[in-house]
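Below is one structure; the comments refer to it alone.
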Amino acid sequence: MKETLRLQYDALVIGGGIAGLQSALDLADQDFKVAVIEKDATIGGKMIRLSKVFPTLDCASCITTPKMAAAAHHDNIDLFTYCEVNSLDRSQGRLKASITQKPRYVDPDKCIGCRQCEYQCPVYVPDQEQGGFNLRKAVYIPFSNAIPQLALIDVEHCALCGKCAKVCPTEAIDYFQQPEDFVIEAKTAVLATGFKLTPMDQKKEYGQGQIPNVISSLQMERLLAPHGPYQRVIRPSDGKEPDSIAYVQCAGSRDLSLGISYCSRVCCMYAIKQAMLLSGALPLADITIYYMDIRAFGKGYEQFFQNAKAMGIEFVKAKVGRIEQGENHNVLLRIEEQEGDGRVVRREHDLVVLSLGMVPDWNPAGICPVGTGDDAFIKCVRPKLAPTLTEMEGVFVAGVAAGPKDIVDTIAEAGAAAMEASNYLNSSASGRAA
Amino acid sequence: MGKPDKEAMKALRKQRKAYIDRAQQEMKKQRKLIKAIKEQIKDEPKTVPRIASEAKLQADQVLLYVAALRKYGQVVEVDKDGDYFTYKLDAEA
Ligand SMILES: Cc1cc2nc3c(=O)[nH]c(=O)nc-3n(C[C@H](O)[C@H](O)[C@H](O)COP(=O)(O)OP(=O)(O)OC[C@H]3O[C@@H](n4cnc5c(N)ncnc54)[C@H](O)[C@@H]3O)c2cc1C
Ligand code: SF4
Ligand code: SF4
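Quick note, the sequences are listed as chains B and X, same order. Take the first sequence: its letters are residues 1 to 434, numbered as in this note's numbering. Take the second sequence: its letters are residues 435 to 527, numbered as in this note's numbering.
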């Protein structure tokens, strides 16, 4: 029987989004050996999939790609992408993570990322990296600045026609690859597993994801991104350049009927940001934000909101009661105004964006003994004085894994988690990994 | 991977039969759709609604495939016609 590979590190980071990468870089710069485990085929998390970021309106990819590259090229960091964490336990003073490398059906040591396989593959598959608004192939590289630049085969859509193997110049295709288990031992860990959006189909009143021109905020990020599905903002039902776009705030947050009582904190700001970007991309379009209250909580954020109002973006304090399919692919909203006489009015838009809330992407139950709070995010045991401490000794949390937050707070918390991990490493008896 | 062993490939095909059958059916539908779209825009650029109505296809499906054909270098965006952009088969492709 083949012996399970065991790898030794000082620190283990679970999640390769901006929080995990920042923690890994801060630890690696202090000369600790770090392993980053990422479940996706690429690192970068949500940030690499955004268009521009509030409050500076920097291009998200321009500031995330260098961080991704720095982690990939750092002598003290090893990236393990497309991996599943099966368990994380502590025994005899060390953390032990059991990991499964999922098969890419491509040899990572041979693939040069040339995409010849992708061009030749005859099967098209909806590309979730582009919000489902474009197609990829059954063999594909997730996106042009993915790290690592390795192809993978989606076997559920592969016709096993053999074309990719035939054209691959390095003989990297391996249809027979199997999952491989290995173990990582480390002294400390940072959990940076981030978030996902609340599902589009959860609210009957909002069309349950069945109205084509009602899209999620992350889908709008793709429409606004320079390498987006259409390379411009047009609506998905028929390619019309929209004249009228609306945002529905708190579409998955502050709603007890969905079991999500909390505010997701970033939705007001990302909606304002997207509205500003839209008025740049479509200067003639009317943009409306239906909101309960605007929470522009961070440094410079209130000014950002005021700038949006000055740009002509319409802010309507109202509750959106119902969203329905209208004529000519349009979307009908029934809204209850919260100012004036509180009338119920109907409004029609070409395209509607739901500002969905954030829920955790990972539930540690059954995998590692860290607790979660009532909101299901990872519980911090000293939320005021040491907000990155979890219930497990030597295991810290960073970013949205601990609760909704923006990039600025995520980066600050990732640095704090790295510092706690570094202190823990320096205080623990045994030496560093070789 | 060098040239895959014939017997091993046969066994793998059997193991993945359900996926392969589904992918082949998808491929057939996709080929038909792509052919119909390309036929529409080989001589003149058209908007998505026009391609859809003339080829009797759904507009969202047409846009999805036009986007994919653009990505893989077979279709180009041309001018705007009202609120819609027009697309044409790339003569170079
Ligand atoms: C539409 C939208 C727009 C936004 N715009 C802005 C903006 O303009 N400015 C701003 O400051 N903030 C913005 N945000 C918020 C921003 O996206 C987050 O603050 C940031 O991405 C949090 O980073 P993170 O690393 O904590 O989480 P994520 O980006 O979610 O990264 C987590 C990573 O962990 C991985 N992972 C999860 N579970 C596991 C597991 N079990 N094993 C291994 N890996 C795992 C995930 O695959 C992912 O790569 C926006 C959010 C949304 C939804
Ligand atoms: S698998 Fe082969 S053809 Fe595909 S990207 Fe890698 S090297 Fe290129
Ligand atoms: S074997 Fe599968 S992935 Fe490869 S080209 Fe054929 S359908 Fe595509």
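For glycine and all other residues, C-beta sits at the position ideal for the given N, C-alpha and C. Quick caveat, the model's predicted, so the values are computed rather than measured.
Partners in chain B for residue i, counting only beta-carbon separations shorter than 7 Å
{"i": "X/LYS505", "result": "ASN134"}
{"i": "X/ALA502", "result": "TYR124, ASN134, LEU135"}
{"i": "X/ARG450", "result": "VAL155, LEU160"}
Start-to-end residues for the beta strand (DSSP E) that takes in residue i
{"i": "B/GLN8", "result": "5-8"}
{"i": "B/GLN303", "result": "B/GLN303 -> not in any beta strand (DSSP E); alpha helix (DSSP H) instead, spanning 301-310."}
{"i": "B/GLY321", "result": "314-325"}
{"i": "B/VAL395", "result": "395-397"}
{"i": "X/ASP513", "result": "509-515"}
{"i": "B/ILE287", "result": "286-291"}
{"i": "B/VAL34", "result": "34-37"}
{"i": "B/VAL123", "result": "Counting along the chain, B/VAL123 falls outside any beta strand (DSSP E), and DSSP gives it neither H nor E."}
{"i": "B/LYS102", "result": "Element bounds for B/LYS102: n/a, residue is neither H nor E."}
{"i": "X/THR520", "result": "518-523"}
{"i": "B/ILE77", "result": "77-80"}
{"i": "B/ALA11", "result": "11-14"}
Residue i Cβ short of 8 Å to ligand 1 heavy atom set
{"i": "B/MET276", "result": "no"}
{"i": "B/MET358", "result": "yes"}
{"i": "B/GLU391", "result": "no"}
{"i": "X/ILE471", "result": "no"}
{"i": "B/LYS52", "result": "yes"}
{"i": "B/TYR217", "result": "Before going further, note that residue 217 of chain B is Ser rather than Tyr in the sequence given. True, at least one ligand heavy atom lies under 8 Å from that Cβ."}
The alpha helix (DSSP H) enclosing residue i, as first and last residue numbers
{"i": "B/HIS73", "result": "60-73"}
{"i": "X/ASP455", "result": "451-474"}
{"i": "B/GLN274", "result": "267-281"}
{"i": "B/ALA421", "result": "407-427"}
{"i": "X/VAL500", "result": "493-505"}
{"i": "X/ILE485", "result": "482-489"}
{"i": "B/SER91", "result": "Taken as a continuous stretch (DSSP letters only), B/SER91 belongs to no alpha helix (DSSP H), being part of the beta strand (DSSP E) at 83-91."}
{"i": "B/GLN120", "result": "116-120"}
{"i": "B/SER51", "result": "Run containing B/SER51: none; DSSP gives neither H nor E here."}
{"i": "B/ILE18", "result": "18-29"}
Closer than 8 Å at the beta carbon, the chain X residues around residue i
{"i": "B/VAL123", "result": "ALA457, GLU460, MET461, GLN464"}
{"i": "B/TYR175", "result": "MET435, PRO438, MET443, LEU446"}
{"i": "B/ALA138", "result": "ALA457"}
Ligand 2 heavy atom lying under 8 Å from the CB of residue i
{"i": "B/GLN137", "result": "The sequence as given places Lys at residue 137 of chain B; Gln does not occur at that position. No, the Cβ of B/LYS137 stays beyond 8 Å of every heavy atom of ligand 2."}
{"i": "B/ILE147", "result": "no"}
{"i": "B/THR42", "result": "no"}
{"i": "B/ARG322", "result": "no"}
{"i": "B/ILE141", "result": "yes"}
{"i": "B/VAL106", "result": "yes"}
{"i": "B/GLN116", "result": "yes"}
Contact test: residue i Cβ vs ligand 3 heavy atom, cutoff 8 Å
{"i": "X/ILE468", "result": "no"}
{"i": "B/GLN120", "result": "yes"}
{"i": "B/CYS111", "result": "no"}
{"i": "B/LYS163", "result": "yes"}
{"i": "B/TYR270", "result": "no"}
{"i": "X/TYR506", "result": "no"}
{"i": "B/ALA246", "result": "no"}
{"i": "B/ARG18", "result": "The question names Arg, yet the displayed sequence has Ile at residue 18 of chain B. The answer is no for B/ILE18."}
Proximal chain X residues relative to residue i, where beta-carbon distance stays under 9 Å
{"i": "B/PRO236", "result": "ASP494, LEU497, LEU498"}
{"i": "B/PRO169", "result": "None at all; the shortest Cβ gap to chain X is about 13 Å."}
{"i": "B/TYR119", "result": "TYR506, GLY507"}
Partner residues on chain X for residue i, Cβ-Cβ distance less than 7 Å
{"i": "B/LYS240", "result": "ASP517, TYR518"}
{"i": "B/ALA186", "result": "Simply none; closest approach about 33 Å."}
{"i": "B/PRO229", "result": "ALA501"}
Exercise. Whole alpha helix (DSSP H) runs in the region 125-192 of chain B with 4 or more residues, listed along the chain?
Worked result: 163-167
Problem set entry | Against chain B: residues of the region 454-477 of chain X by CB proximity under 7 Å | Here the close residues are ILE454, ALA457, GLN458, GLU460, MET461, GLN464.
Exercise. Between the region 254-277 of chain B and chain X, which residues of the former have CB atoms less than 8 Å from a CB of the latter, in chain order?
Worked result: none
For this session: Below 9 Å between beta carbons is the criterion; list the residues of the region 142-162 of chain B that meet it against any residue of chain X, in chain order.
Result: For the region 142-162 of chain B, the beta-carbon criterion of a distance under 9 Å to any beta-carbon of chain X is satisfied by VAL155, GLU156, HIS157, CYS158, ALA159, LEU160, CYS161, GLY162.
Problem set entry | Residues within the region 188-222 of chain B neighbouring chain X, beta-carbon criterion of under 7 Å | PRO212
For this session: Compile a chain-ordered list of the residues in the region 478-491 of chain X whose CB is closer than 8 Å to at least one CB of chain B.
Result: THR481, VAL482, PRO483, ALA486
Problem set entry | Ordered list of beta strand (DSSP E) runs contained in the region 328-385 of chain B, each at least 3 residues | 331-337, 344-349, 351-354, 358-360
For this session: Jot down the residue ranges of each uninterrupted alpha helix (DSSP H) in the region 190-271 of chain B, minimum 4 residues, whole runs only, in chain order.
Result: For the region 190-271 of chain B, the full-length alpha helix (DSSP H) segments reaching 4 residues or more read 217-224 along the chain.
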